[in-house]
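Report on one structure; see the data block that follows.
There are 2 protein chains.
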Amino acid sequence: MPKLLVTLGTTPGGIFETFENLKRGNYEAENHPPVHISEVYVIRTSDPAVNLAWKLVKAVFACCGGKEVTIADIPLEINDINSKQDFLTFKRAIKARLSPGDFVDFTGGRKAMSVAAAIEAREAGAKVVTTIIPQQEYVRITNLLNSLKGQESAVEAGGRGECVLSFCDLVSKESRTVQLY
Amino acid sequence: MPKLLVTLGTTPGGIFETFENLKRGNYEAENHPPVHISEVYVIRTSDPAVNLAWKLVKAVFACCGGKEVTIADIPLEINDINSKQDFLTFKRAIKARLSPGDFVDFTGGRKAMSVAAAIEAREAGAKVVTTIIPQQEYVRITNLLNSLKGQESAVEAGGRGECVLSFCDLVSKESRTVQLY
Chain A
-14 MPKLLVTLGT TPGGIFETFE NLKRGNYEAE NHPPVHISEV YVIRTSDPAV NLAWKLVKAV
46 FACCGGKEVT IADIPLEIND INSKQDFLTF KRAIKARLSP GDFVDFTGGR KAMSVAAAIE
106 AREAGAKVVT TIIPQQEYVR ITNLLNSLKG QESAVEAGGR GECVLSFCDL VSKESRTVQL
166 Y
Chain B
-14 MPKLLVTLGT TPGGIFETFE NLKRGNYEAE NHPPVHISEV YVIRTSDPAV NLAWKLVKAV
46 FACCGGKEVT IADIPLEIND INSKQDFLTF KRAIKARLSP GDFVDFTGGR KAMSVAAAIE
106 AREAGAKVVT TIIPQQEYVR ITNLLNSLKG QESAVEAGGR GECVLSFCDL VSKESRTVQL
166 Y
């Protein structure tokens, strides 16, 4: 069964949308059969803002229809991509975990992370996808994210299935997932 | 002689810095010999904000030490990457222009543009670079860019070598160029 490997930045950025759109076969590609994903690998830095984004991803899956999915947290010991060394750390973490037929979503994180994820996907025989949301949805979700800052313990509870905040409003109903390679 | 192919978004975003850092051999790579670039290809959309960024790139090269470089403008008939079709238009434009040994700088533009540029570079045997500037320099340059809005005719004059505005302040002296592949 293919897994979904994603890069994560400071916002949960469309990971759940990608998961759902793949599941429904609702994505742009020559062939777009429904894809059942049971494992999501989240590759990310250890920056504090990214830690929070990770907790939000977990809460969204637990509260909005992805409770059965195993979400693996893969935090690297870097805070950003500031050098070739950081880039290599990131690239190796991706390369080591990819199998042919997997899906890679590069939507989140720094551009150099996206580039590493997409190139390694291509070289491993995995598929490359991204999820786009309209600008007004981006603004709405950014405002919502700002309102969630400082509520870290409620967000952590969300990850355990205690859905006390409106996590599902972080998901856009107007997303589009495109398979690029 | 290798050329430099770059993606461009709404800011001139480090293209001149990449050019200069390559010329001086001042970039992170296993081997980093000086690279003389005489041609820069700018692949971009036709969004109005991107049109202005293109004029600024021309002005910076003309006024800040790159007058001898041929800069080729390659505007595509799309305003953004909103679909698989837009992506393919962008990808094909890059693929058609790459030769082995070229340098590709993916720093500017949308993430999907960067991914297309980096993957096509890799498949054509070209090198993949990006240029990083410190956050405070990013803020300084963004403010300067905002102050240049509405001065389009002076910017166009810059491209003809009439350097009436402080175009060279758009160049960061603290940039770092990294070769990723």
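Sequence order for the protein chains is A and B. Quick note on numbering: the first sequence equals residues -14 to 166 in this note's numbering. Quick note on numbering: the second sequence equals residues -14 to 166 in this note's numbering. Glycine included, C-beta positions come from ideal geometry on N, C-alpha and C. Given the structure is predicted, the values throughout are model-derived calculations rather than measurements.
Per DSSP, the bridge partner or partners of residue i
| i | result |
| --- | --- |
| D32 of chain A | DSSP lists no partner for D32 of chain A. |
| D58 of chain B | B:V27 |
| Y166 of chain B | According to DSSP, Y166 of chain B bridges with nothing at all. |
| I117 of chain B | B:R161 |
| F152 of chain A | Its beta-bridge partners do not exist; DSSP assigns none. |
| D90 of chain A | A:V(-9), A:V114 |
| E13 of chain A | A:V163 |
Local Cβ density within 10 Å of residue i, reported as buried at 16 or more and exposed below that
| i | result |
| --- | --- |
| A57 of chain A | exposed |
| N6 of chain A | buried |
| V163 of chain A | buried |
| R29 of chain B | buried |
| E137 of chain B | exposed |
| E53 of chain B | exposed |
| L73 of chain B | exposed |
| K(-12) of chain A | buried |
| A34 of chain B | exposed |
| T116 of chain A | buried |
| A97 of chain B | buried |
| E105 of chain A | buried |
| W107 of chain B | The sequence as given places Arg at residue 107 of chain B; Trp does not occur at that position. R107 of chain B comes out buried. |
| V124 of chain B | exposed |
Other residues of its chain near residue i: CB distance less than 7 Å, five sequence neighbours each side excluded
| i | result |
| --- | --- |
| P(-3) of chain B | A38, L41, V42, V45, L155 |
| I118 of chain A | G(-1), S157, E159, S160 |
| H21 of chain A | M(-14), K8 |
| A14 of chain A | Q164 |
Proximal chain A residues relative to residue i, where beta-carbon distance stays under 8 Å
| i | result |
| --- | --- |
| F72 of chain B | V163, L165 |
Interface partners of residue i on chain B, CB under 7 Å
| i | result |
| --- | --- |
| E13 of chain A | S68, K69 |
Partner residues on chain A for residue i, Cβ-Cβ distance less than 9 Å
| i | result |
| --- | --- |
| V100 of chain B | F91, K96, S99, V100, A102, A103, I104, V113, T115, L165, Y166 |
| R107 of chain B | I104, R107, E108 |
Spatial neighbours of residue i in its chain, beta-carbon cut-off 6 Å, leaving aside the 5 residues before and after
| i | result |
| --- | --- |
| T55 of chain A | E24 |
| L165 of chain A | V113 |
| D90 of chain B | V(-9), T3, V114 |
| R95 of chain A | I66 |
| P60 of chain A | R29, S31 |
| A111 of chain B | L83, D87, V89 |
| P85 of chain B | G110 |
| A102 of chain A | T(-8), I79, V89, F91 |
| G10 of chain A | H17, P18, P19 |
| G(-6) of chain B | G93, G94 |
Own chain residues within Cβ distance below 8 Å of residue i, not counting five before or after
| i | result |
| --- | --- |
| C48 of chain B | G143, G146, C148, F152, C153 |
| L173 of chain B | It is not possible to answer for residue 173 of chain B, since the shown part of chain B is limited to -14 through 166. |
Contact with chain D by residue i, beta-carbon distance below 8 Å
| i | result |
| --- | --- |
| R29 of chain A | Going by chain labels, chain D is absent from the structure shown, which instead holds the protein chains A and B. |
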